[in-house]
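These protein sequence lines are chains A and B, in that order.
Position in the first sequence (first residue = 1) + 344 = the numbering used here.
Position in the second sequence (first residue = 1) + 35 = the numbering used here.
To start, the structure under review is shown below, and the notes come after it.
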Amino acid sequence: GQSLEQPSEVTAVEGAIVQINCTYQTSGFYGLSWYQQHDGGAPTFLSYNALDGLEETGRFSSFLSRSDSYGYLLLQELQMKDSASYFCAVRAGGFKTIFGAGTRLFVKA
Amino acid sequence: EAGVTQSPTHLIKTRGQQATLRCSPISGHTSVYWYQQALGLGLQFLLWYDEGEERNRGNFPPRFSGRQFPNYSSELNVNALELEDSALYLCASTDSTYEQYFGPGTRLTVT
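Here it is in C-alpha cells:
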C-alpha cells in the first residue's frame, strides 16, 4: 500500500526552530510537497521538492532524500501564527497526490 | 484573481440520500482534485479530473463519483450516504504543476 508517516503532534516555543519529518512509501514518486492548514481553513501550499536537497523559502525550508524516502519541513523563528497542522504530500504514480495524516504544531509563548 | 470556490458551504443530509458538491477552479486551471477530510484527520484522495476526464481515483467505493464540465468546473456526487461520509470535502485545482490551490471546502453532515 501507499503510506506517509509524520508525527501527530509537535510543541515548540516562540522563536525556536522545529523540524517535522515525513517518511513515505508510494508507488511511483515525482515529488514531496508540504501544506499548512489552520483550524477551519483550507490547506495552503508551502513548498515542493522533486530532487534531493534543501529548498529555502523565507523562514521555512524543506528537505528531500529520495534514496531514504524521507523529507522534512524546517520552520525557523517560530511565531504564534505558525500554530497549525502541517501535511506532507507525495505526488505519486498516476499523479495521485497522497497526503500524510498531518502534524499538529503548537507554538507556545 | 478569484480562487477556488466550492458550494454549498454546508450540507446536511440523511442516511441513504444523495449529495452533490460543486467546485469551480481557478481560471486557466484544467485539473481538479477532490479530497475527503474527516474531523481532525488528514486528507484522503478521492478523485482527479483533467481536461474533462477522470484520470485517477482513490480507494473509495463507486458510490463516490463525479464529473468535470467543459468549463473545468467539477461536481462530486455521493450516493446512498452513510454516517461515516460526514466530513469536509475539499476541492483543489492546479495548472498541472505541483502546487494545488484549495477551496474552502463543503462540510457534509449525514444524520
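Note that CB positions come from ideal geometry on N, CA and C, so glycine has one too.
Short CB-CB distance (under 8 angstroms) between residue i and chain A
i	result
G77/B	yes
W83/B	yes
F80/B	yes
P97/B	no
Selection from the options that minimises the alpha carbon distance to residue i
i	options	result
P351/A	L76/B, T49/B and S59/B	L76/B
S59/B	R102/B, S121/B and G51/B	R102/B
L118/B	S108/B, T129/B and Q53/B	Q53/B
L78/B	S406/A, S429/A, A453/A and K452/A	S429/A
T447/A	Q363/A, S347/A, Q346/A and E399/A	Q363/A
N112/B	S128/B, T141/B, G63/B and I61/B	T141/B
S109/B	T49/B, V67/B, G51/B and I61/B	V67/B
E134/B	I61/B, G51/B, Q41/B and N91/B	I61/B
Simplified DSSP assignment, three categories, for residue i
i	result
F450/A	strand
L390/A	strand
K440/A	coil
Interface flag, residue i vs chain B, CB-CB below 8 angstroms
i	result
F450/A	no
Y392/A	yes
A428/A	no
S377/A	yes
Quiz prompt | Cβ contact check for the stretch 36-46 of chain B and the stretch 367-384 of chain A: 3 or more pairs under 8 angstroms | solution = no
Quiz item: Is the stretch 40-48 of chain B close to the stretch 408-421 of chain A, with three or more CB pairs under 8 angstroms?
Solution: no
Practice problem: Could you pull out every unbroken beta strand (DSSP E) segment of at least 3 residues lying fully inside the stretch 103-144 of chain B, listed in chain order? | Solution: 109-113 and 122-129
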